[in-house]
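Working notes for the structure below.
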Amino acid sequence: ERLNPKADCIVYPLVSDGTMAGWGEWSHPQGGFFQMDNGYLMMAGTGLAEAFLVDGQLLGRLDIGLPGAFDLHRGDRSYEQCLNGRAWSEDSAQELEDSLIDWLALRRQHFVDRQLDTPQRLVLGGRASQHRLNPSTLENLKAQGWEAAFSQLQDPALWGAAYYVAKTS
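Per the working numbering, numbering through the sequence shown is continuous, rising by one, with the last residue being 175.
The structure is reproduced here in C-alpha cells:
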C-alpha cells in the first residue's frame, strides 16, 4: 500500500508452513487428511513443521499449547535435530526410527494430556521418506496406534496457502 496507494492489497496474517501444509493435506482430494476429523502432520525440512487436525479444525502447536521440537530433547540433540530433513538424509535408519517412535509417543501423550481425540492418521511429508525407514517402522507405529501415510502432494503448503486465501477472501 505504501508503494502504490491506488493498488488493491489484501494482507493475510502469517501462518506457519506446517499449518499451511496441514490445510493442503486436508483440502486436497489426494491429501492425507482429506475428509478426516483428527490427525497429525509432520514435515521434515530445514526444521520440523507440524499441523494438528482436531475435530475438523487445523491448528498449529501454539494454538494447543505444545512445546516445539526444538524445546524437547532426545539425549544431547533436540527432536528438531533428530527429525529434520538433514536427519532423514544422514542418520542411520535405526537412529531415525527410534527418534520418530519416541517423538510420536510424546505427541500422542500431548493429545491425551489435553483431552483431545487421538489422531486418526499420521501424515509424514517433506524430506521424510518411507525409503529411509526400516520395514518394521510402520508396523511399530501401527502398534502405537498410528495409521501412517506419506504425503502424496507435490507441495502441500502451497495447496494449503491457496485454500487459505480462497477461504478468507
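Glycine included, C-beta positions come from ideal geometry on N, C-alpha and C. A quick note: this is a predicted structure, and the numbers were derived from the prediction, not measured.
Determine whether the beta carbon atoms of GLY45 and VAL129 lie at a separation below 8 Å.
For the purposes of this step, residue 45 is taken as residue 39 along the sequence shown, with counting starting at 1. For the purposes of this step, residue 129 is taken as residue 123 along the sequence shown, with counting starting at 1. Yes; because the gap between Cβ atoms is below 8 Å, this pair is in contact.
Where does the unbroken alpha helix (DSSP H) through GLN87 begin, and where does it stop?
Position 81 of the sequence shown, counted from the start, is the residue given in the question as residue 87. Residues 85-89.
Exposed or buried, which one is LEU54 when buried takes at least 16 other CB atoms within 10 Å?
In the sequence shown, counting from the first residue as 1, residue 54 sits at position 48. Counting Cβ neighbours within 10 Å, LEU54 comes out buried, since at least 16 surround it.
Residue of ALA27, ASP61, PHE40 and PRO35 minimising C-alpha distance to LEU47
As a first step, residue 47 is located in the sequence shown; it is residue number 41 there, counting from the start. Comparing Cα positions, the closest option is ALA27.
Quick check on this structure: which residue in ALA163, PRO141, LEU164 and PRO35 has the alpha carbon closest to the alpha carbon of GLU103?
Mapped onto the sequence shown, residue 103 falls at position 97. The residue with the shortest Cα to Cα distance from GLU103 is PRO141.
Nearest residue (CA-CA) to GLU56, options LEU78, ASP43 and SER22
Within the sequence shown, the letter at position 50 stands for residue 56. The option with the nearest alpha carbon to GLU56 is SER22.
May I have the straight-line CA-CA distance separating LYS12 from SER98, to the nearest angstrom?
What you label residue 12 is simply residue 6 of the sequence shown in a count that begins at 1. What you label residue 98 is simply residue 92 of the sequence shown in a count that begins at 1. Near 56 Å, if we compare the C-alpha coordinates of SER98 and LYS12.
Excluding sequence positions up to five away, which residues of its chain have a Cβ less than 6 Å from the Cβ of LEU147?
What you label residue 147 is simply residue 141 of the sequence shown in a count that begins at 1. Contacts found: ALA154.
What residues in its chain sit with their C-beta under 8 Å from that of GLY66, if we drop five residues either side in the sequence?
Locating residue 66 in the sequence shown gives position 60, where the first residue counts as 1. Excluding sequence neighbours, GLY66 sits near VAL21, SER22, GLY24, THR25, GLU56, ALA57 and PHE58.
If you reduce the DSSP assignment to three classes, tell me which class ARG80 lands in.
Here residue 80 refers to the residue found at position 74 of the sequence shown. ARG80 falls in the strand class under three-state DSSP.
Could you tell me which of LEU122, ALA50 and LEU78 sits nearest to ASP69, measuring between CA atoms?
Here residue 69 refers to the residue found at position 63 when the sequence shown is read from its first residue. Measuring from the Cα of ASP69, the nearest candidate turns out to be LEU122.
Specify the secondary structure class of ALA13 as computed by DSSP and reduced to three states.
Counted from its first residue, the sequence shown places residue 13 at position 7. Three-state DSSP puts ALA13 in coil, outside helix and strand.
Can you find the residues in the same chain that come closer than 8 Å, C-beta to C-beta, to ASP77, ignoring five residues on each side of it along the sequence?
Reading the sequence shown from its first residue, position 71 is the one you call residue 77. Excluding positions up to five away in sequence, the list reads SER84.
Applying the 10 Å Cβ sphere with the 16-neighbour rule, what's the burial state of ARG120?
Stepping through the sequence shown from its first residue, residue 120 is reached at position 114. Exposed: under 16 other Cβ atoms inside 10 Å.
Based on the DSSP secondary-structure assignment, which residues constitute the bridge partners of VAL60?
Mapped onto the sequence shown, residue 60 falls at position 54. For VAL60, which the question treats as bridged, DSSP gives the partners GLN63.
Would you mind sorting SER95 into buried or exposed? The rule is 16 or more other CB atoms within 10 Å of its CB.
What you label residue 95 is simply residue 89 of the sequence shown in a count that begins at 1. The residue in question, SER95, is exposed, as its Cβ has fewer than 16 Cβ neighbours within 10 Å.
Taking LEU106 as the reference, give the member of LEU89, GLN115, ARG114 and HIS116 with the closest Cα.
Within the sequence shown, residue 106 is the residue found at index 100, counting from 1. LEU106 has its Cα closest to that of LEU89, out of LEU89, GLN115, ARG114 and HIS116.
Using three-state DSSP, classify MET42 as helix, strand or coil.
One-based indexing of the sequence shown puts residue 42 at position 36. It is coil, neither helix nor strand.
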